[in-house]
Amino acid sequence: MALAPPGRNRNPRCNRLHEPPYSSLVTPRERWRALLDGRRPDRVPCDYWATAETTRRLLADLGCRTEAELWRALDIDKCIFLAPTNPNAAEDTWHIPSQFSVWHVETISIPYLDGLGSYQEAVNPPLANVSSPAELDAFPWPRAEDWDVSALPAQCDQWRDYPIVSAAYEPFYTYSRLRGMDRALEDLAVNPELVDAAMERIFEIHAGIANRVLDACGDRIDFLYVAEDLGTQQSLLMSPKAFRRSVKPWLKRMIDLAHSRGVHAFHHDDGAIRALLPDLIEIGIDLLNPIQWRCRGMDRQSLAADFGDKLVFHGGVDNQYTLPFGAPEDVRRQVRENIEIFSNCKGYIVCPCHNIQANTPTANIVALYEAVHAT
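Take the position in the sequence shown, starting the count at 1, then add 17; the result is the number in my numbering.
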């Protein structure tokens with residue numbers, strides 16, 4: 018794709034932002050909800066996940082002023098993440114409120130790609146020296162009522178044509194930030210009672226937040242974000258036995274809460290997690306993200322064959338090799354492959370298999386969404 022000189026719109030679609038998108042008769046929210054309700058939408062939906070650095074560059078390259086203009090320009094069925102605010106949240110090194118500062122977790126910014134991007138790393142875990150459940154009483158746990166939900170109804174109205182997810186909950190991920198990953202994993206084997214006690218507190222806080230969000234917004238929320246990060250490139254962070262004992266029950270409780278309130282469970286779980294999929298399906302996840310199929314055991318064809326009638330798949334466009342290092346036609350080919358592989362499943366939403374990184378060419382990002390609309 019030839020790019021125009023700086024200061025001009027590089028993508029012809031961005032010259033037509035005043036026009037309705039391709040599928041203007043069907044909103045992105047209607048398209049997502051059709052899949053979740055077991056119906057076929059007018060076309061395959063698509064979503065956008067990228068780092069902040071990538072999005073800033075893409076806006077400039079495509080001549081878009083806002084992210085909403087970008088989504089319209091590329092006809093993206095963006096899932097909107099809305100979160101209540103907490104006045105106790107300190108700014109992190111990105112100068113935005115840090116979700117973990119209210120849990121007294123310090124984060125630092127780590128640059129990568131020669132400074133093109135950065136990520137936040139948790140340091141100095143506040144529960145590192147705790148050894149018994151009784152010691153958790155002294156920790157200054159946040160309260161669900163500390164989160165302010167008053168702005169959410171207006172935000173839901175603003176994004177009424179888009180699917181909305183809220184109330185992020187990642188129980189073991191949160192525990193690992195409080196405890197430190199090495200100790201958190203050791204606890205699964207040698208101190209499971211401490212894990213139980215902390216996970217119960219984490220759940221109760223997040224359940225309170227979720228209920229406050231849903232009380233404020235009602236059926237304008239489509240998903241609760243019920244997630245974890247349990248996989249590596251090759252295997253799991255823990256054994257299936259440890260997962261079933263110490264993590265699965267707490268995921269199930271939040272999924273049950275979501276379903277009892279009439280919303281779906283959006284489950285994000287990185288890496289090689291195939292061994293956990295029967296358990297995750299058993300406890301009721303509705304959508305699985307991000308489908309990192311280059312990880313061991315995550316072959317797309319076998320996932321579709323074994324679990325396709327039970328899940329909506331979300332993701333699957335490789336951002337380890339294809340998006341950053343492939344050609345635009347490689348990206349288009351992979352999008353077509355994914356749509357074909359998942360065509361007989363409950364549903365598929367085209368999306369990168371995690372945040373698009375800052376070294377990904379603009380032409381490849383545009384090719385991803387062009388391929389969706391050409392299929």
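Where is the CB? At the ideal position from N, CA and C, for every residue including glycine.
Predicted model, so just to flag it, every value in this text is computed and none were measured.
Nearest-angstrom Cα separation, counted from residue j out to residue i
i, j, result
"Arg-48", "His-281", "15 Å"
"Pro-369", "Glu-354", "14 Å"
"Asp-204", "Pro-266", "17 Å"
"Val-334", "Val-348", "8 Å"
"Phe-324", "Leu-294", "8 Å"
"Trp-399", "Leu-144", "Any property of residue 399 remains undetermined from this structure, which presents the chain solely from 18 to 392."
"Pro-101", "Gln-172", "11 Å"
"Ile-308", "Leu-87", "24 Å"
"Ile-93", "Asp-286", "22 Å"
"Thr-249", "Asp-199", "15 Å"
"Ala-155", "Met-216", "16 Å"
"Pro-128", "Ala-375", "12 Å"
"Lys-327", "Ala-275", "18 Å"
"His-371", "Glu-245", "14 Å"
"Leu-195", "Leu-241", "22 Å"
"Arg-25", "Cys-81", "Reliability fails at Arg-25, whose pLDDT of 36 lies under 50, so the model's placement of it is uncertain and no value is given."
"Thr-124", "Thr-191", "13 Å"
"Asn-228", "Ala-161", "9 Å"
Residue i: first and last residue of the uninterrupted beta strand (DSSP E) it sits in
i, result
"Phe-283", "281 to 285"
"Gln-137", "134 to 140"
Collapsed DSSP secondary structure at residue i in the structure displayed
i, result
"Cys-312", "coil"
"Asp-94", "coil"
"Thr-102", "strand"
"His-276", "helix"
"Gln-172", "helix"
"Asn-306", "strand"
"Asn-26", "Residue confidence is low: Asn-26 scores 41 on pLDDT, short of 50, so the model does not pin down where it sits. Its coordinate-derived value is still stated next. Residue state, collapsed to three classes: coil."
"Gln-318", "helix"
"Ala-289", "coil"
"Ser-148", "coil"
"Glu-246", "Sequence inspection shows Asp at residue 246; the Glu mentioned does not correspond to that position. Three-state DSSP puts Asp-246 in coil, outside helix and strand."
"Glu-187", "coil"
Other residues of its chain near residue i: CB distance less than 8 Å, five sequence neighbours each side excluded
i, result
"Val-329", "Leu-52, Leu-53, Asp-303, Leu-304, Leu-305, Cys-362, Lys-363, Gly-364, Tyr-365, Ile-366"
"Ala-259", "Leu-205, Ala-206"
"Gln-318", "Ile-358"
"Pro-130", "Residue identity differs from the one stated: residue 130 is Leu in this sequence, not Pro. Hits under 8 Å: Gln-374, Ala-375, Asn-376."
Own chain residues within Cβ distance below 7 Å of residue i, not counting five before or after
i, result
"Ala-233", "Val-166, Leu-169, Pro-170"
"Ile-382", "Leu-75, Ile-373"
Inter-residue CB distance, residue i and residue j (contact presumed, cutoff 8 Å)
i, j, result
"Arg-473", "Pro-209", "Since the first residue shown for the chain is 18 and the last is 392, residue 473 is missing from the structure and cannot be characterised."
"Leu-211", "Val-122", "Actually they are not in contact, since the Cβ atoms of Leu-211 and Val-122 sit about 17 Å apart, beyond 8 Å."
"Cys-312", "Tyr-179", "Incorrect: roughly 29 Å between the Cβ atoms, too far for contact."
"Leu-253", "Ala-201", "Incorrect: roughly 14 Å between the Cβ atoms, too far for contact."
"Ala-391", "Pro-345", "Going by Cβ atoms, the distance from Ala-391 to Pro-345 rounds to 12 Å, so no, they are not a contact pair."
Beta-carbon proximity list for residue i, same chain, < 6 Å, skipping 5 on both sides
i, result
"Phe-359", "Ala-321, Phe-330, Tyr-365"
"Ala-214", "Pro-150, Leu-153"
"Asn-103", "Val-119, Asp-163, Trp-164"
Extent of the continuous alpha helix (DSSP H) run through residue i
i, result
"His-223", "209 to 234"
Proximity test, Cβ basis, 7 Å: residue i and chain D
i, result
"Ser-360", "Absent from the structure: chain D. Only one protein chain is present."
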